[in-house]
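Since the structure comes first, as structure tokens, the remarks are kept for the end.
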Amino acid sequence: MTMNNRRRLAVGTALIAVLAAGVAPAANAHAAPAGSAAPHPTATAPDMEGVVAALNDAMAQGAPGAMARFAGHSGVEARTVGVRARASGAAMDIRARFRIGSVSKTFSSVVLLQLAQEGGLELDAPVNRYLPGLLPDDRITVRHLLTHRSGLADYTDTMFEHTVPGFEAVRNRVFSYRELVDLSLSEPRTTEPGVSYAYSNTNFVVVGMLIEKITGKPVVKEYQHRIIQPLGLRDTSYVHPDVRIAGLRVRGYLHPDQAGGPLVDSTEQTVSWAQSAGAVISSPADLNTFMTALMRGRLLAPKMLKAMTTVTPTDATDTRFYGLGLRRYDLSCGTQIYGHTGTVQGYYTYAFATRDGRRSLSAMANTSNKGSANTALGGTLEAAFCGKKRTRTTTMSAETEPFTVPAEPDLPERR
539 MTMNNRRRLA VGTALIAVLA AGVAPAANAH AAPAGSAAPH PTATAPDMEG VVAALNDAMA
599 QGAPGAMARF AGHSGVEART VGVRARASGA AMDIRARFRI GSVSKTFSSV VLLQLAQEGG
659 LELDAPVNRY LPGLLPDDRI TVRHLLTHRS GLADYTDTMF EHTVPGFEAV RNRVFSYREL
719 VDLSLSEPRT TEPGVSYAYS NTNFVVVGML IEKITGKPVV KEYQHRIIQP LGLRDTSYVH
779 PDVRIAGLRV RGYLHPDQAG GPLVDSTEQT VSWAQSAGAV ISSPADLNTF MTALMRGRLL
839 APKMLKAMTT VTPTDATDTR FYGLGLRRYD LSCGTQIYGH TGTVQGYYTY AFATRDGRRS
899 LSAMANTSNK GSANTALGGT LEAAFCGKKR TRTTTMSAET EPFTVPAEPD LPERR
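Right, here's the structure in full:
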């Protein structure tokens, strides 16, 4: 072999090694997610001390533990506090899996928008075109479902009016999609179709029905071959109606409505009351990878991604918006982030990324029905994306207040 050939072989081997490192599974808390961007010299560095402070605040507000994973220009930084299991005292582990609640809605939206790209349905067509006779109003469109503007009542408001008894009544129950829709239709509608935003899990139950009707396959198959396998999400699954979280897991703890009451271990449940609205299981690394890939256009064509990220306000603050199964928050430093919040019994989750996909954060606290813990966990967003407070104050007026998590929970909050 000549010297030139040896050099080419050495360079080629090194290049293969670099490429392999770039697509290594994101489960490693110290490795950048697949498709991560090159360093960006002008990016604001995350305030990881602020992230830890937010995690500790979530614990002070009743969460047994919390964790966050930030992926950015300089790689990955992960932080954990507290425990992932109260009985054993096992420390929180950034590799552990947990129920992501309504972050599942973004997974469902991606699948449905891919089907729209493929000509399987039209976003502005009536839902009843594809599911004849399901809904009482032909004006309700597919887009209305994805934007929470259908006016369909959220059946979980009644289901979990009394938090712990409501949960125990459905913990092991298996619902059909139609049963959940019928629960919604038994209650008055909240708005006329298209008039205003009103968050409702019913919308994404119907999204699951649409996915299964158009493809002829269960949603788990569509999640698997459209998102999970292409992105190499090793810790992400949809196991309905199995009650288990396989492998290394975080146990979830539900606060009762009565102040000071004992926490309820809510880890094992079918999540059949949510299904395509909230039954996905994942990990911090996989959530970073998913949101990064989505924002970089790896899952949707540019036109469809633009539609997904076209948002309207959810309240009067002009900082909180909703697109097609996707939230946008406008932080105090001017940074806009896209993603979703998740609430399911025992878990609060945040999964967000910048629009260019260069920075992403996933955070989780293993409790629910404690709004102050949810708000505290949301403090990780400001710290991660806006950096240290002294840096932020140079770019905003003295009157600007830090962004706080909105009081728009994915499930009814009783505390």
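Residues in the sequence shown are numbered consecutively from 539, following the numbering used here. Note that CB positions come from ideal geometry on N, CA and C, so glycine has one too.
- When T685, T830, G603 and V708 are compared, the shortest CA-CA separation from T729 is found for T685.
- Comparing C-alpha distances from P703 to each of K927, N907 and E660 shows the shortest one belongs to N907.
- About 5 Å separates the CB atoms of L899 and F608; that is less than 8 Å, so the two are in contact.
- A Cβ-Cβ contact shorter than 8 Å links Y888 with T879.
- The residues A914 and G917, in chain order, have a CB closer than 7 Å to that of D595 in the same chain once the five nearest residues on each side in sequence are set aside.
- Taking 8 Å as the upper bound for CB-CB distance, L669 and K751 are in contact here, some 6 Å apart.
- Judged by DSSP in its simplified three-state form, F713 adopts coil rather than helix or strand.
- Straight through space, the alpha carbons of S724 and L825 are spaced by roughly 35 Å.
- A817 sits away from T740, with the two beta carbons spaced by 8 Å or more.
- Positions of the beta strand (DSSP E) runs, each at least 3 residues long and wholly inside the stretch 884-921, are given as 885-892 and 898-903 in order along the chain.
- The alpha-carbon separation between Y761 and G863 amounts to approximately 15 Å.
- In this structure, the beta-carbon distance from G746 to Q813 falls below 8 Å.
- F828 sits in a helix when the DSSP states are folded into three classes.
- Distance check between F636 and each of S804, S810, S820 and F645 places S820 closest, using alpha-carbon atoms only.
- The closest CA to that of G770, considering only F705, T827 and M605, is found on T827.
- Exposure of S714 is indicated by the presence of fewer than 16 other C-beta atoms within 10 angstroms of its C-beta.
- G799 and V589 have their C-alpha atoms some 29 Å from each other.
- Beta-bridge partners assigned by DSSP to A616: R607.
- Annotation for N710: V781, Q807 and T808 place their beta carbon closer than 8 Å to its own, counting only its chain and skipping 5 residues before and after.
- With contacts defined as CB atoms closer than 8 Å, A891 and Y876 qualify as a contacting pair.
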